[in-house]
Amino acid sequence: MNCYNGEEFLQEALESVQAQTYKNWELIFWDNQSSDKSEEIFKNYSDPRCKYFFAPKHTLLSEARNCAIEYSTGEFLAFLDVDDWWAPEKLEKQIPLFDDQEVGLVYANYWYVLNGKNIKYPLYRKKLPKGWCIDAPLRYYCVGLLTILVRRTAFDALNSGFNPKYHAIEDFDFVIKLNKSWKIECVHTPL
1 MNCYNGEEFL
11 QEALESVQAQ
21 TYKNWELIFW
31 DNQSSDKSEE
41 IFKNYSDPRC
51 KYFFAPKHTL
61 LSEARNCAIE
71 YSTGEFLAFL
81 DVDDWWAPEK
91 LEKQIPLFDD
101 QEVGLVYANY
111 WYVLNGKNIK
121 YPLYRKKLPK
131 GWCIDAPLRY
141 YCVGLLTILV
151 RRTAFDALNS
161 GFNPKYHAIE
171 DFDFVIKLNK
181 SWKIECVHTP
191 L
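Per full-length UniProt numbering, residue 1 is the first one in the sequence shown, and the count goes up by one each step.
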């Protein structure tokens, strides 16, 4: 979880991870030089699966993600920014799709929350692409970073992680590169 002055949203994001029905996870919390109460809020969670790291310098998101990944130990990697949240069954629904050894990444539909209100709806209503589908994301990019779960060996095979030259939608480049060598799976339910 990347965080830069995220105190406003942090509690909801952390609680969404702790509420996962799949319990074998670790959270790498990368504090990207926050000056608010993010560290204090995080440290109120005494779960040993949650690990805090303070960045030696402030970096852009792509570099911050790569730094945090270096401290992770899991077979799979997921991404959650401090202003996002997961449905409780996210990991439980995605992990079985990796039984297919050719699958390198699983993503899902996700909720769009209207102006911070309690009005939400699935962002994508049509069938989402999966498999060897490199052309589909180029025409219609529908992969939300908060929904991505990637096989660690697939991530490591890229030898680059998130490209630090991109300051926005760095996940687009990542997904396209990964899909050249690995299949992509999808859960159509918002997670």
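Ideal Cβ positions, reconstructed from N, Cα and C, are used throughout, including at glycine.
Item                                                                                              : Value
Alpha carbon of Val143 to alpha carbon of Glu39, nearest angstrom                                 : 29 Å
Supposed close pair Gly161, Val82 - CB separation, criterion 8 Å                                  : Between Val82 and Gly161 the Cβ distance is about 20 Å, and since that is not below 8 Å, they are no contact.
Top-ranked residue by Cα proximity to Asp47, from Val150, Val17, Ala55, Glu70                     : Val17
Per-residue DSSP class, three states only, for Phe9                                               : coil
Among Glu15, Ala55, Asp84, Trp25, the one whose alpha carbon lies nearest that of Phe42           : Glu15
Contact set for Lys37: own chain, Cβ-Cβ below 8 Å, skip 5 residues either direction               : Glu7
Sufficient close CB pairs (3 or more, under 8 Å) joining the region 103-115 to the region 146-166 : yes
Which of helix, strand or coil DSSP assigns to Leu105                                             : strand
Contact belief for residue 273 with Ala13 at Cβ below 8 Å, rounded distance in angstroms          : Absent from the structure is residue 273, since the part of the chain shown begins at 1 and ends at 191.
Nearest-angstrom beta carbon gap, Trp86 and Leu10 [assumed within contact, 8 Å]                   : In fact, because the Cβ distance is near 14 Å, the residues do not count as touching under 8 Å.
Span separating the alpha-carbon of Asp99 from that of Pro88                                      : 21 Å
Beta-carbon proximity of residue 196 to Tyr71, cut-off 9 Å                                        : Past the boundaries of the shown model lies residue 196; the chain is included only from 1 to 191, so the question cannot be answered.
C-beta contact flag for Thr21 and Leu91 at 9 Å                                                    : yes
Span of the alpha helix (DSSP H) around Ala157                                                    : 152-157
Residues that Tyr27 bridges to, as DSSP identifies them                                           : The residue asked about is misnamed: residue 27 is Leu in this sequence, not Tyr. Partner(s): Cys50.
Pair within 9 Å by beta-carbon distance, Leu60 and His167                                         : yes
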